[in-house]
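Participant: Numbering-wise (the working numbering), the sequence shown opens with residue -2 and increments by one.
Glycine included, every Cβ here is placed at the ideal spot set by N, Cα and C.
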Amino acid sequence: MAEKEKNIQELLRCFHEAAAHPAKQMEKYLSEGRKVVLVAPVYTPEEIIHSMGMVPLGVWGGDLQLDEAKKYFPAFICSIMQSIVELGMKGVYNGASAIVIPSLCDSLKVLGQNWKYAVKDIPFIPMTYPQNRKPGFGRTFTKAGYERVISDLTRAAGTVFQEDKLEESIGVYNAHNAVMRELPGVLCAHPEISAAERSDIFKSAWFMRKEEHTELVKSLLEALKTEEAGQKKKIPVMTTGILADAPDLLEILDDNGLQIVCDDVAAESRQYRTDTPEGEGTPLDRLAEKFAAMDNCSVLYDPEKKRVEYIVREAEAAGAKGVLVFLTKFCDPEEFDYPLIRKACEAAGLPCVLIEIDRQMENYEQARTAIETFRDLVQ
Ligand code: SF4
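1. Can you find a heavy atom of ligand 1 that lies under 7 Å from the Cβ of M78?
2. What is the DSSP secondary structure of A263, counted as helix, strand or coil?
3. State yes or no: is the C-beta of D60 nearer than 7 Å to some heavy atom of ligand 1?
4. How is the alpha helix (DSSP H) around V296 delimited, first residue to last?
5. For C259, which option in G85, I198, A317 has the closest C-alpha, if you only look at C-alpha atoms?
6. Under 7 Å: does the beta carbon of D329 sit that close to some heavy atom of ligand 1?
7. Does the beta carbon of P38 fall short of 7 Å from some heavy atom of ligand 1?
8. By Cβ distance below 7 Å, which residues in the same chain neighbour C11 in space, the five residues on each side in sequence not counted?
9. DSSP on Q357, reduced to helix/strand/coil?
10. Under the three-state reduction of DSSP, which class applies to Q256: helix, strand or coil?
11. Tell me whether the segment 168 to 188 and the segment 263 to 277 touch, counting them as touching only if at least three CB pairs, one residue from each stretch, are closer than 8 Å.
12. Taking the C-alpha atoms as reference points, what is the distance between V36 and L150?
13. Go ahead and label M225 buried or exposed: buried means 16 or more other beta carbons lie within 10 angstroms of its beta carbon, across all protein chains shown.
14. Got a sec, what are the start and stop residues for the alpha helix (DSSP H) M86 sits in?
15. Under the three-state reduction of DSSP, which class applies to V176: helix, strand or coil?
16. If you draw a straight line from the alpha carbon of N360 to that of S80, how long is it in whole angstroms?
17. How is the alpha helix (DSSP H) around I45 delimited, first residue to last?
18. Nearest CA to the CA of S94: which residue from V52, A72, A367, T273?
19. Measuring CB to CB, does I368 end up less than 8 Å from F323?
20. My output table needs one value for K32: the three-state DSSP class, helix, strand or coil.
21. How many Å lie between L255 and I354 at the Cα?
22. Taking 7 Å as the cut-off, does the CB of T236 come closer than this to any heavy atom belonging to ligand 1?
23. Judging by CA-CA distance, which residue of T370, G155, M358 is the nearest neighbour of G59?
24. What residue range does the alpha helix (DSSP H) around A153 cover?
25. Which of helix, strand or coil does DSSP assign to G55?
26. Is I257 near A202, with beta carbons less than 8 Å apart?
27. Would you give the residue range spanned by the beta strand (DSSP E) that I122 belongs to?
28. I want to check one thing, is the minimum distance from the CB of I368 to the heavy atoms of ligand 1 below 7 Å?
29. Using only the alpha-carbon positions, how far apart do A364 and L374 sit?
30. Taking the alpha-carbon of P188 as reference, which of E209, K231, G109, K162 has the nearest alpha-carbon?
31. Please classify K200: is it buried, with 16 or more other beta-carbons within 10 angstroms of its beta-carbon, or exposed?
32. On a CA-only basis, which of G85, Q159, I147 is nearest K117? Give me that one, please.
33. How long is the line joining the alpha carbons of A366 and V320, rounded to whole angstroms?
34. List the whole-angstrom C-beta distance separating F327 from C75, where the pair is believed to meet the contact cut-off of C-beta under 8 Å.
35. Would you call the segment 38 to 48 and the segment 22 to 29 touching, i.e. three or more CB-CB distances under 8 Å?
36. How is F323 classed by DSSP in three states: helix, strand or coil?
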């Protein structure tokens, strides 16, 4: 194996290690004497936590059997929420200083309230976002929410907030956003990288300090750019949804020769579209500006649903032959958007298929059949 290819394999192995073993990552940071703060989906102000000297660690639940969490949730609520509480009750997050949970959907609101009773040792910090995030009053509301997070973090972890540190952390996060935005385009030229490997790169970002992850992604980008483009021919597709990290599901994409050339997945590219702007205002003001500027997401209020056209535009720009909608079961925000996405895709002549997914799914045969039919349609 050529030296360059070995380097790429080594980098992919690092991403996989972090993505597959978040508990190990947490242990590592705790053993280094760092404090860890859990960050729930979908948009938590990680920059604030980072600026206060702590490690924000993503919690998106896990593919496990629900047992204890059933005492707190009805069956018809998304499994991401349920499995976060299940893992909390099982002690998987022991050692974390707090959990920050944003209020961006009804399930997340319930998660915060249940967490307080189910996992008493890890303090719950709410991040309450406004519905109308763009007008001045919305930005003031967001900033007040951030101030509340800062004072709760100070109380829970005993750490101090400093504006100049937040300025530095904003730089770290903007730099990470830049490499993550570049990544999908570079991966397009390398169909030999599997859907699972692509997922590992995105997923590992949740469990690593962003400066470390940026360096790894930069090294991968450099290595891939100087490596000859892969010869393997695959069918380019776009994915959309909240989460798309189940190994069995990703294997079906690879088995069917599908290559994800762009995504609108909340746990993946949606995170990196918007930077905190530079310029006037305090760092906290500009962080609120960032939230105001975010768009094209099911959990961000938009009566015009511009996300729908965004998906079509992105798919066409990346040369995708179709769109795979990974719908997390019982996710209301995504369920509301789906009929509009389907209609817009149909109007643009883009085949679109719905695959319902769940953290507890053991059998992917139905998904396999749907993806095989989709492949036949687009190839
Ligand atoms: S946005 Fe959907 S998947 Fe995410 S927490 Fe809310 S209901 Fe669950």
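Facilitator: Answer, in terms of the structure:
1. Because some heavy atom of ligand 1 lies under 7 Å away, the Cβ of M78 counts as near it: yes.
2. Looking at A263 - three-state DSSP - the assignment turns out to be coil, as it is neither helix nor strand.
3. Ligand 1 has no heavy atom closer than 7 Å to the beta-carbon of D60.
4. Element bounds for V296: n/a, residue is neither H nor E.
5. Distance check between C259 and each of G85, I198, A317 places A317 closest, using alpha-carbon atoms only.
6. Answer for D329: yes, Cβ within range of ligand 1.
7. At a threshold of 7 Å, P38 counts as near ligand 1, since its beta carbon sits closer than that to one of the ligand's heavy atoms.
8. Excluding residues within five positions, the ones whose Cβ falls inside 7 Å are L213.
9. Of the three classes helix, strand and coil, the one that applies to Q357 here is coil, per DSSP.
10. Under the three-state reduction of DSSP, Q256 is assigned to strand.
11. Enough Cβ pairs lie closer than 8 Å, so yes.
12. Cα atoms of V36 and L150: separation of roughly 12 Å, rounded to the nearest angstrom.
13. Contrary to the premise, residue 225 reads as Glu rather than Met in this sequence. Counting Cβ neighbours within 10 Å, E225 comes out exposed, since fewer than 16 surround it.
14. Taken as a continuous stretch (DSSP letters only), the alpha helix (DSSP H) holding M86 covers 76 to 86.
15. DSSP places V176 in helix when its eight states are reduced to three.
16. N360 and S80: Cα-Cα distance of roughly 18 Å.
17. Residue range 43 to 48 is occupied by the alpha helix (DSSP H) that includes I45.
18. Answer by Cα proximity: V52.
19. Not a contact, by the Cβ cut-off of 8 Å.
20. Correct three-state label for K32: strand.
21. Between L255 and I354, the C-alpha separation is close to 18 Å.
22. Checking every heavy atom of ligand 1 against the Cβ of T236, none is found closer than 7 Å.
23. Proximity to G59 across T370, G155, M358 peaks at M358, based on C-alpha coordinates.
24. If you look at A153, you'll find it in the alpha helix (DSSP H) that goes 133 to 154.
25. DSSP places G55 in the strand class (E or B) of the three-state scheme.
26. Contact flag unset, no.
27. Residues 121 to 124.
28. Checking every heavy atom of ligand 1 against the Cβ of I368, none is found closer than 7 Å.
29. In a straight line, the C-alpha of A364 is about 15 Å away from that of L374.
30. Closest by alpha carbon: K231.
31. When all chains shown are included, K200 counts as buried.
32. Shortest Cα-Cα distance from K117 to any of G85, Q159, I147 involves G85.
33. Reading the sequence as shown, one finds Thr at residue 366 and not Ala. Cα to Cα, the separation comes out at about 16 Å.
34. Between the beta-carbon of F327 and that of C75 there is about 5 Å, and that keeps the pair under the 8 Å contact cut.
35. These segments do not touch.
36. Strand, per DSSP.
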